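Here the structure comes first, spelled out in structure tokens, and everything after it is commentary.
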Amino acid sequence: MELCVIGAGYVGLVTAACFAQMGNRVVCLERDHVRLARLRQGQCPIYEPGLAALLQEGRRSGLLSFTEDWEQALARAEVVFIAVGTPSQEDGSADLQHVLAVAESLGRQLPRPCLVVNKSTSPVGTVERIAAQIGSGLRERAVAFAVEVASNPEFLKEGSAVEDFMRPDRIILGSDSPVARERLQRLYAPFVRNRERVLCMSPRAAEFSKYAANAFLASKISFINELAGLCAQLEVDIEQVRRGIGSDPRIGSDFIYAGCGYGGSCFPKDVRALIHTAEQQGYQPTILRAVQARNAQQKTLLFKALEQHFGGFLRERRVAVWGLAFKPGTDDVREAPSLVLLEALLDAGVRVQACDPAALASVAALYAQAVSSGQLTLVEDPYTCAEGADALVLVTEWKQFRQPDFRHIRGLMRMPVLFDGRNIYDPSELSSLGYLYHGIGRPVVGHCKVTAA
Ligand SMILES: NC(=O)c1ccc[n+]([C@@H]2O[C@H](COP(=O)([O-])OP(=O)(O)OC[C@H]3O[C@@H](n4cnc5c(N)ncnc54)[C@H](O)[C@@H]3O)[C@@H](O)[C@H]2O)c1
1 MELCVIGAGY VGLVTAACFA QMGNRVVCLE RDHVRLARLR QGQCPIYEPG LAALLQEGRR
61 SGLLSFTEDW EQALARAEVV FIAVGTPSQE DGSADLQHVL AVAESLGRQL PRPCLVVNKS
121 TSPVGTVERI AAQIGSGLRE RAVAFAVEVA SNPEFLKEGS AVEDFMRPDR IILGSDSPVA
181 RERLQRLYAP FVRNRERVLC MSPRAAEFSK YAANAFLASK ISFINELAGL CAQLEVDIEQ
241 VRRGIGSDPR IGSDFIYAGC GYGGSCFPKD VRALIHTAEQ QGYQPTILRA VQARNAQQKT
301 LLFKALEQHF GGFLRERRVA VWGLAFKPGT DDVREAPSLV LLEALLDAGV RVQACDPAAL
361 ASVAALYAQA VSSGQLTLVE DPYTCAEGAD ALVLVTEWKQ FRQPDFRHIR GLMRMPVLFD
421 GRNIYDPSEL SSLGYLYHGI GRPVVGHCKV TAA
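Mapping to UniProt numbering: the sequence shown position 339 is 339, numbers consecutive.
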């Protein structure tokens with residue numbers, strides 16, 4: 001099929017590359033000139049496992065191209081995917097300006113009938129708004145054809161986006177039109193060959209399903225984090241409780257890991273947008289508000305624990321931070337728990353040494369002043385990062401941090417104190433190596449005398 005994908009971000013780029021890999025001709029439209037130039041030079045502008053290779057292949061086969069020119073992007077398109085950002089507005093609602101701007105351009109530019117598919121996470125009723133916007137453009141131009149609009153929310157996860165797109169759990173098609181459904185089913189057929197995973201529903205149900213999924217996952221995280229706080233007070237290890245409840249198939253073992261909070265470009269903004277939608281309807285989103293409040297508190301826990309450990313005197317301390325991306329496998333730091341920690345440490349006059357396998361450039365851009373003053377040092381190697389530190393904090397559980405040589409690290413650090421923001425280490429093993437271990441919702445293990453800064 002001839003496809004156009006609008007937006008070359010995490011979703012658009014993966015969508016375009018994967019559809020091209022399956023033999024479709026895809027033109028991806030991107031308005032950011034820097035990003036576009038990199039894509040045209042064959043570079044992958046984001047860190048996403050497997051994506052660079054797919055982009056190369058799309059380039060070699062000639063099936064994938066990039067442009068900023070609407071005419072070129074739409075010239076042959078049978079299906080147009082919208083994959084632009086829907087960030088939070090100040091009141092928490094989803095900002096649809098990019099989606100609607102695309103709809104306006106489509107109304108002005110579409111040269112012939114096609115199917116428009118919204119992949120951007122958007123509130124219930126957005127498909128209708130896109131259709132109205134395109135319709136008014138077509139009417140102004142007095143063209144005789146109609147354009148159908150469908151919702152096809154995206155469920156890929158950053159860090160495994162290519163894998164998720166290629167082997168989806170489910171594909172949700174929100175359209176009441178049999179023609180549109182059939183066309184999308186045909187397009188997705190190669191991705192779901194061994195099992196029927198395509199779910200057809202109304203556009204509104206599709207739009208709502210995406211928010212429901214993210215809100216549910218965020219709720220699971222905030223639920224276990226809430227219990228972790230209580231565990232900490234009762235001298236119970238939440239990790240044992242997690243295993244105890246996760247073996248029940250009604251609960252399941254995924255997404256019940258206690259930690260320093262969820263971040264990223266989706267969960268926080270989608271929970272906010274759903275709360276806003278509920279409030280607009282005069283409906284009380286009691287659980288969602290609690291999910292959000294718990295997560296905000298959770299993101300401050302590591303700093304509070306550090307503050308308590310140092311008796312409130314943090315100035316001139318050296319703290320090493322492992323992991324800055326909002327989760328492993330990505331360079332994305334949007335709403336990452338690491339940023340809340342960095343901000344608080346820098347404000348408190350702490351000298352921070354941080355490392356991350358993919359997100360250093362994103363963080364350097366956000367904290368340029370702290371980097372240039374020397375208060376924040378960004379390094380690639382976790383061992384260099386730990387040198388001279390009064391405490392080490394694990395924020396993002398990249399594989400690289402899972403089994404470090406803690407015996408060696410103990411010799412590098414000024415004080416062997418570890419704050420495990422993802423509960424990935426064994427407290428008894430660390431205490432036997434001489435560390436003082438703090439987890440999330442776990443008893444503190446080991447001893448370490450705090451010496452002057
Ligand atoms: N990132 C994820 O893991 C993920 C997963 C599922 C769904 N989503 C949803 O998908 C949507 C896109 O998310 P993302 O993370 O890919 O966003 P992103 O910010 O990484 O990318 C959006 C891209 O669209 C481009 N863009 C914006 N307006 C444009 C226009 N008018 N013309 C051409 N290009 C334009 C931007 O320059 C940017 O490159 C959001 O609604 C998000 O909630 C994201």
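Positions of the beta carbon are idealized from the N, C-alpha and C atoms, including for glycine. Everything numeric in this text was worked out from a predicted model, so none of it was measured.
Q | Whole alpha helix (DSSP H) elements within the segment 227-259, 4-residue minimum | A | Scanning the segment 227-259 from its first residue to its last, the whole alpha helix (DSSP H) runs of 4-plus residues come out as 238-246.
Q. Among R40, Q41, V149, which residue has its Cα nearest to the Cα of V80?
A. Closest option to V80, Cα to Cα, is V149.
Q: Taking W398 and P357 to be in contact with their CB atoms under 8 Å, please state how far apart those CB atoms are, rounded to whole angstroms.
A: The C-beta distance from W398 to P357 rounds to 6 Å, short enough to meet the 8 Å contact threshold.
Q) Excluding sequence positions up to five away, which residues of its chain have a Cβ less than 7 Å from the Cβ of D91? A) When the five nearest sequence neighbours on each side are left out, the beta carbons in the same chain lying within less than 7 Å of the beta carbon of D91 are those of H276, in order along the chain.
Q | Other residues of its chain near S222: CB distance less than 6 Å, five sequence neighbours each side excluded | A | The residues are V291, R294, N295.
Q | Coarse secondary structure for A408, derived from DSSP in three states | A | First, the residue type needs correcting, since residue 408 is His and not Ala in the sequence shown. H408: helix per DSSP, three-state reduction.
**Q.** DSSP bridge partner residues for E148 (one or two, in chain order)
**A.** By DSSP's assignment, E148 forms a beta bridge with L115.
Q) What whole-angstrom Cβ distance do E154 and V11 have, given they're in contact under 8 Å? A) Contact holds; Cβ gap of about 5 Å.
Q.
Let me check understanding here. Comparing Cα to Cα, which of D169, V5, P45 lies closest to V27?
A. Closest option to V27, Cα to Cα, is V5.
Q | Closest by C-alpha distance to M415, when choosing among G434, R334, Q41 | A | The closest CA to that of M415, considering only G434, R334, Q41, is found on G434.
Q) Hey, L339 and G263: beta-carbon distance below 9 Å or not? A) If you check the CB distance, L339 and G263 come in under 9 Å.
(Q) Between which two residues does the alpha helix (DSSP H) holding T15 run? (A) 10-21 is the extent of the alpha helix (DSSP H) around T15.
Q | Option nearest N194 by Cα separation, candidates E182, S209, D169, A205 | A | It is D169 whose Cα lies nearest to the Cα of N194.
Q: Return the chain-ordered ranges of every alpha helix (DSSP H) run that is complete within the segment 292-331 and spans a minimum of 4 residues.
A: As far as the segment 292-331 is concerned, its whole alpha helix (DSSP H) runs of at least 4 residues are 301-309.
Q: Whole angstroms is fine: what's the gap from E239's alpha carbon to Y425's?
A: Distance between the alpha carbons of E239 and Y425 is about 11 Å.
Q. Which whole-angstrom value is the C-beta distance of A83 and L54, which I expect to be below 8 Å?
A. Between the beta-carbon of A83 and that of L54 there is about 16 Å, and that puts the pair past the 8 Å contact cut.
Q | Short Cβ contact (9 Å threshold) for L13 with I46 | A | Their beta carbons are under 9 Å apart, which means L13 touches I46 by this criterion.
Q. Is it the case that the CB of A161 approaches a heavy atom of ligand 1 more closely than 8 Å?
A. Answer for A161: yes, Cβ within range of ligand 1.
Q) Looking only at C-alpha atoms, which of G311, K220, F145 sits nearest to R250? A) Answer by Cα proximity: K220.
(Q) Can you find the residues in the same chain that come closer than 7 Å, C-beta to C-beta, to G349, ignoring five residues on each side of it along the sequence? (A) If we look at G349 and ignore the five residues flanking it on each side, its Cβ neighbours are L314, R315, E316.
Q | Closest Cα partner of N152 within the set Q185, L230, F145 | A | Of Q185, L230, F145, the residue nearest in Cα terms is Q185.
Q: Using only the heavy atoms of ligand 1, determine whether one of them is closer than 8 Å to the beta carbon of L156.
A: Under cutoff, so the answer is yes.
Q.
Using a Cβ-based criterion (distance less than 8 Å to any ligand heavy atom), does D332 qualify as near ligand 1?
A. Annotation for D332 indicates a beta carbon within 8 Å of some heavy atom of ligand 1.
**Q.** the segment 360-369 in contact with the segment 436-447 per 3-pair CB rule at 8 Å
**A.** At 8 Å Cβ cutoff, the stretches do not touch.
Q: Kindly indicate which three-state DSSP category I46 falls into: helix, strand or coil?
A: Coil.
Q | Distance, S122 Cα to V395 Cα | A | Answer to the nearest angstrom: the Cα atoms are 30 Å apart.
Q) By the 10 Å Cβ neighbour count, where 16 or more other Cβ atoms means buried, how is F145 classified, buried or exposed? A) Looking at its Cβ environment, which holds fewer than 16 other Cβ atoms inside 10 Å, F145 is exposed.
(Q) Excluding the 5 residues flanking L430 on each side, which residues of the same chain have their C-beta closer than 8 Å to its C-beta? (A) Same-chain partners within the cutoff: F406, L418, Y437, V445, G446.
Q: Out of S120, P404, A73, point me to the one whose CA is closest to L96's CA.
A: When C-alpha distances from L96 are compared across S120, P404, A73, the shortest belongs to S120.
Q) Which class does I424 belong to by DSSP, given the choice of helix, strand or coil? A) Three-state result, I424: coil.
**Q.** Three CB pairs or more closer than 8 Å across the segment 188-206 and the segment 159-178
**A.** Flag = yes, the segment 188-206 and the segment 159-178 touch.
Q. Just to confirm, are E48 and L39 a CB contact at a threshold of 9 Å?
A. Against a cut-off of 9 Å, the Cβ pair of L39 and E48 comes out as no contact.
(Q) Mapping the DSSP letters down to three states, classify I134 as helix, strand or coil. (A) Looking at I134 - three-state DSSP - the assignment turns out to be helix.
Q: On the DSSP bridge assignment, give the partners of Y383 in chain order.
A: According to DSSP, Y383 bridges with nothing at all.
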